[in-house]
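A.B. asks: In full-length UniProt numbering, the protein residues as written are 1 to 173. We put the CB at the ideal spot given by N, CA and C, even for glycine. Since we're looking at a predicted model, the values are computed, not measured.
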């Protein structure tokens with residue numbers, strides 16, 4: 001094989017100097033070949049990888065697939081949660097398509113006729129619960145964005161499983 005392809009070693013690198021069947025390379029959709037008439041003989045090409053293929057054997061390239069972008073498929077209703085304390089603590093929501101074509105949902109927690117010491121929108125993921133809204137006394141807003149996997153996210157909080165409001169120290173006005 002070394003003499004057939006004129007393989008030589010220089011400075012710890014392998015080079016080919018003969019091309020009895022030319023050079024074949026692969027693109028995404030096909031294989032291409034050139035130099036099969038000996039016009040490359042005597043030229044030096046660096047060899048990074050050598051493999052043998054039996055006559056008649058075909059090379060199949062793995063298909064190139066792009067994962068589907070599901071950022072326009074999120075649904076808000078399944079993640080709007082009422083905590084088990086019996087109070088209506090679901091945020092109100094408005095959903096729209098953002099500039100990138102991905103769903104954005106604006107959440108708002110508010111109460112009528114009361115002022116609270118703290119009011120905030122929270123998001124729960126499989127690993128954490130984080131405040132995603134502004135901490136306010138009258139209203140808390142947050143915007144969550146649908147990710148390519150079809151689940152909502154907010155900043156570092158990915159794959160949100162539920163969103164809800166937390167009101168503390170509320171007094172009627």
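If you follow the beta strand (DSSP E) that residue 121 is part of, which residue opens it and which one closes it?
C.D. replies: Position 121 of the chain shown, counting from 1, holds the residue named residue 121. Segment 118-124, the beta strand (DSSP E) holding residue 121.
A.B. asks: Please name the residue in 19, 63, 155 and 92 whose C-alpha comes closest to that of residue 29.
C.D. replies: As a working mapping, residue 29 is identified with position 29 in the chain shown. Nearest of 19, 63, 155 and 92 to residue 29, Cα basis: 63.
A.B. asks: Any idea if residue 105 is buried or exposed, counting beta-carbon neighbours within 10 angstroms, 16 or more meaning buried?
C.D. replies: Reading the chain shown from its first residue, position 105 is the one you call residue 105. Residue 105 is buried by the Cβ-count criterion.
A.B. asks: Suppose you measure from the CA of residue 165 to the CA of residue 66; what does that come to, to the nearest Å?
C.D. replies: The residue labelled residue 165 in the question sits at position 165 within the chain shown. The residue labelled residue 66 in the question sits at position 66 within the chain shown. Cα to Cα, the separation comes out at about 37 Å.
A.B. asks: Quick one, which of 7, 168 and 150 has its alpha-carbon nearest residue 69's?
C.D. replies: Taking the first residue of the chain shown as position 1, residue 69 is located at position 69. For the residues 7, 168 and 150, the minimum Cα distance to residue 69 belongs to 150.
A.B. asks: Contact check, residue 102 vs residue 167 under 8 Å by CB: the rounded distance?
C.D. replies: Within the chain shown, numbered from 1, the residue matching residue 102 stands at position 102. Within the chain shown, numbered from 1, the residue matching residue 167 stands at position 167. Their Cβ separation, rounded to whole angstroms, is 30 Å, which puts residue 102 and residue 167 out of contact at 8 Å.
A.B. asks: Looking at residue 140 and residue 121, is the spacing between their C-beta atoms short of 7 Å?
C.D. replies: For the purposes of this step, residue 121 is taken as residue 121 along the chain shown, with counting starting at 1. For the purposes of this step, residue 140 is taken as residue 140 along the chain shown, with counting starting at 1. Against a cut-off of 7 Å, the Cβ pair of residue 140 and residue 121 comes out as a contact.
A.B. asks: Under 7 Å Cβ to Cβ from residue 6, same chain only, skipping five residues before and after it: list those, please.
C.D. replies: The count along the chain shown starts at 1 and reaches residue 6 at position 6. Around residue 6: 16, 17 and 18.
A.B. asks: Whose C-beta lies closer than 8 Å to the C-beta of residue 129 among residues of the same chain, with five residues either side of it excluded?
C.D. replies: Looking up residue 129 in the chain shown gives position 129. Counting only Cβ-Cβ distances below 8 Å, and skipping sequence neighbours, we find 122 and 123.
A.B. asks: Between residue 145 and residue 153, which are expected to be in contact by the criterion C-beta below 8 Å, what is the C-beta distance as a whole number of angstroms?
C.D. replies: Here residue 145 refers to the residue found at position 145 when the chain shown is read from its first residue. Here residue 153 refers to the residue found at position 153 when the chain shown is read from its first residue. Yes, they are in contact, since the Cβ atoms of residue 145 and residue 153 sit about 6 Å apart, within 8 Å.
A.B. asks: Using C-beta distances below 7 Å, list every residue in its chain close to residue 96, excluding the 5 sequence neighbours before and after it, in chain order.
C.D. replies: Within the chain shown, residue 96 is the residue found at index 96, counting from 1. Contacts found: 104.
A.B. asks: Excluding five sequence neighbours on each side, which residues of the same chain lie with their C-beta closer than 7 Å to the C-beta of residue 34?
C.D. replies: For this step, residue 34 is matched to residue 34 along the chain shown. So the list reads 22 and 23, once near-sequence residues are dropped.
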